[in-house]
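In the UniProt record's numbering, the protein residues as written are 1 to 855.
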């Protein structure tokens, strides 16, 4: 007989079970306004899970329902309905009966319209009774719900959420008439997105695209019957004009019961989350037997289930072996649960080729490579022998190739860039120098790519290596050429591409009306003149891109022996890993194969060295300020360095300044120069008060992750836009590095350190950024492994890639419909003219003839 568990071990077992199976969450109150039928059956699982996580759920439903019944995991609150259960049941059956009847289309349409009208009237009246029940609304108001979950197919719950001023989460499959697109402001190109109920695929013929565009007009009457009443109800409730789109746009998040394995790829918005298959997760065993057979059948969480099975077998077994196991107490269970907590992720080993870019681009990618190597994959990094940062590493095999330039040439280019940043040239001269430098550096880097793809021995060796995927940064599309040459799926790892190339390559809509162009310094709320500027900058950037990217298209055409454009090269990617996040980035349309991994560089923190710990301890109650302008600026002009040093001396905090140039002669006692500093680790220290940064994406995200307000000195590229985004969110102050004085720097530091709003705003951003179901590094690794396992991700490729520009914008369909309208108008005009002449023309001529005869 098994002995009882000692109390401490029982506590340990309970704790381990808690860690293994119980997620951490803050308990809240959830109001659920469901829809009847299968809609509720899917939503019920979410309510059950929320209850299991400690939340209190209240389901609000009419007292007459078919499926919404009381359960032990939620409180059911009902309100009086004006219809009986028999009437409601008859309404459902009448619709079901109509499905199996064969009759004329017009008769079916009329009967369907009548059923929709009757059903809508029932739902509308039920909604009115609920919203005008003052006692019920008062109870709901006083209950202080944190969120409302509702199905907007019947938008009564959406009206209630807006009325109670509670954030709403919509749970749905789709809404007819495209109201889900309008409610999210999601682009909906009819050229390849089939309308609901059309039965079309995403590859339509010309006539199908014509019908697809006209189809919403045919549904307009039914949609008006179904949805217009709720806009009228809301208008009466709020005492102002409210449209259905106003109501639906109140949602914070849309949970779509769809998945792009099943649905056609299409544009989506950041607050659209796809949860297709949510109804398949709960399975019940087919038999009541337990033990090892159950483990074999389920094959889910094998380690945890095996541990529980061992313990169960130990309790049930008889004889000497059982006694021996029992005498060991809970050790097998404890060991199994520890394995459950500590087990490594299971993955199939593969081979990955990495074609990186030097600098900070590479530093972000290293973490992904290390994680992939830990998961058992073989990683080969392909790099020119003149790079500065790509060096030998234990987590990958470095394969170098010769290029016609030296490391000194790369270093000289960075030094020249640093000098140009601080040179206050006139605008026109600055533009010309930038153009020449881009042209010069692009030619240098392109020569390296050309040497790579023409290295027949190396390319043959890569072809024989049977790589499963290529991971590359498309900022320089050499890796994309290699991937196409090897016929291997590629994963792109980047922050962004100039000229909006990543939008065109993914067929992602890019409305310039609210999506600011890079380097425009615009926010997503632009004045008319800012929108004009936004369009002009987008056009001007194409001039620079015509310098950098066309040579790669010519090289690819030569290597692949076919015509290739830059967009063709970039469109070959299976998945795009974008190092950004909508806590920092402005919300905009995305595509299913765009994965956002912002903050991937600030996951790992290390203990500070004794040197830096001593600096922090010596700072006292004032704390420290971290100052770094990145690795590309090694020296600052003496006059500017002295102005910066004077500004830093105006605050009591200790300043740790990463600087490799000549120390300023007026360096204050509170400022310590270091040639290198552990930036992320220092920002994570509780005594860090502010961060002076050049607004590179790495530094910005490290500031967000650690909740440190920033003083930003953008120098070049996208850094100006990064600073603008943080300033717009109230998390930092931007200084013009060329024009700022020492007082400007000192005042900016005092502002972000002592005004509470900056710390509060950056902490809010940090909280939002870190509140996610999966870490950015794990998400990036998942998608790389996904592409390796499935040899690409063709199900995420939108049909828009197969359309011409005029087909994509439906210009051929619009022209065709316009021609028909003009033809009908012309025929109608001719018929009217002919009728007019017949009716009035002849009579007029007869009168005129008679008059002439009289004379």
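Using N, Cα and C, we set each Cβ at its ideal position, and we do this for glycine too.
- Under the 10 Å beta carbon count, residue 109 is surrounded by fewer than 16 other beta carbons and is classified as exposed.
- Taking every protein chain shown into account, the CB of residue 769 has 16 or more other CB atoms within 10 angstroms, so this residue is buried.
- For residue 437, the closest C-alpha among the options 165, 456 and 412 is that of 412.
- By the Cβ test, the stretch 212–222 is in contact with the stretch 183–200, since at least three Cβ pairs between them sit closer than 8 Å.
- Note on residue 679: 16 or more other CB atoms within 10 angstroms of its CB, so buried under the neighbour-count rule.
- Membership of residue 406 in any alpha helix (DSSP H) is not indicated, and neither H nor E is assigned to it by DSSP.
- Note on geometry: alpha-carbon atoms of residue 504 and residue 393 lie some 35 Å from one another.
- The stretch 761–778 makes contact with the stretch 692–707: 3 or more CB pairs, one atom from each, lie closer than 8 Å.
- In the three-state reduction of the DSSP assignment, residue 362 falls in the helix class, which pools H, G and I.
- Out of 419, 405, 485 and 62, the CA that lies nearest to the CA of residue 461 is found in 485.
- Around the beta carbon of residue 820, fewer than 16 other beta carbons sit within 10 angstroms, so the residue counts as exposed.
- DSSP places residue 632 in the coil class of the three-state scheme, outside both helix and strand.
- Counting C-beta pairs with one atom in each stretch, the stretch 811–830 and the stretch 489–508 have fewer than three that are closer than 8 Å, which means they do not touch.
- The stretch 632–642 makes contact with the stretch 655–667; the number of CB pairs closer than 8 Å reaches 3 or more.
- Counting along the chain, residue 776 sits inside the alpha helix (DSSP H) bounded by residues 776–790.
- The C-alpha of residue 162 is placed about 12 Å away from the C-alpha of residue 149.
- About 6 Å separates the Cβ atoms of residue 383 and residue 356, confirming a contact at the 8 Å cut-off.
- Taken in chain order, the complete alpha helix (DSSP H) segments of 4 residues or longer contained in the stretch 791–837 are 805–808 and 811–836.
- Per DSSP, residue 60 is one residue of the beta strand (DSSP E) stretching across 56–62.
- With respect to the C-alpha of residue 601, the residue from 223, 369 and 230 having the closest C-alpha is 369.
- When the beta-carbon positions are compared, residue 629 and residue 720 stay at least 8 Å from each other.
- Cβ contact annotation for residue 517 (same chain, cutoff 6 Å, sequence separation greater than five): 534, 537 and 538, in chain order.
- Taking 8 Å as the cut-off, the beta carbon of residue 499 is found closer than this to the beta carbon of residue 545.
- Contact check between the stretch 567–581 and the stretch 596–612: three or more CB pairs, one atom from each, fall below 8 Å, which counts as touching.
- Of 235, 32 and 234, the smallest CA-CA separation from residue 151 is found for 32.
- Within its own chain, the residues whose Cβ lies closer than 8 Å to the Cβ of residue 744, once the five positions on either side in sequence are excluded, are 647 and 735, listed in chain order.
- In the DSSP annotation of this structure, the continuous segment of the beta strand (DSSP E) that includes residue 75 starts and ends at 75–79.
- Contact between the stretch 239–255 and the stretch 563–574 is not established, with fewer than three Cβ pairs separated by less than 8 Å.
- Between the stretch 60–74 and the stretch 169–180, the count of C-beta pairs closer than 8 Å stays below three; the two stretches do not touch.
- Taking C-beta atoms under 8 Å as the contact rule, residue 796 and residue 260 qualify, at a distance of about 6 Å.
- Rounded to the nearest angstrom, the Cβ distance from residue 130 to residue 79 is 5 Å, consistent with a contact under 8 Å.
- Taken through DSSP and simplified to helix, strand or coil, residue 642 comes out as helix.
- Put simply, the backbone Cα of residue 813 is about 11 Å away from that of residue 205.
- Note on residue 430: under 16 other CB atoms within 10 angstroms of its CB, so exposed under the neighbour-count rule.
- DSSP places residue 603 outside any beta strand (DSSP E), giving it a letter other than H or E.
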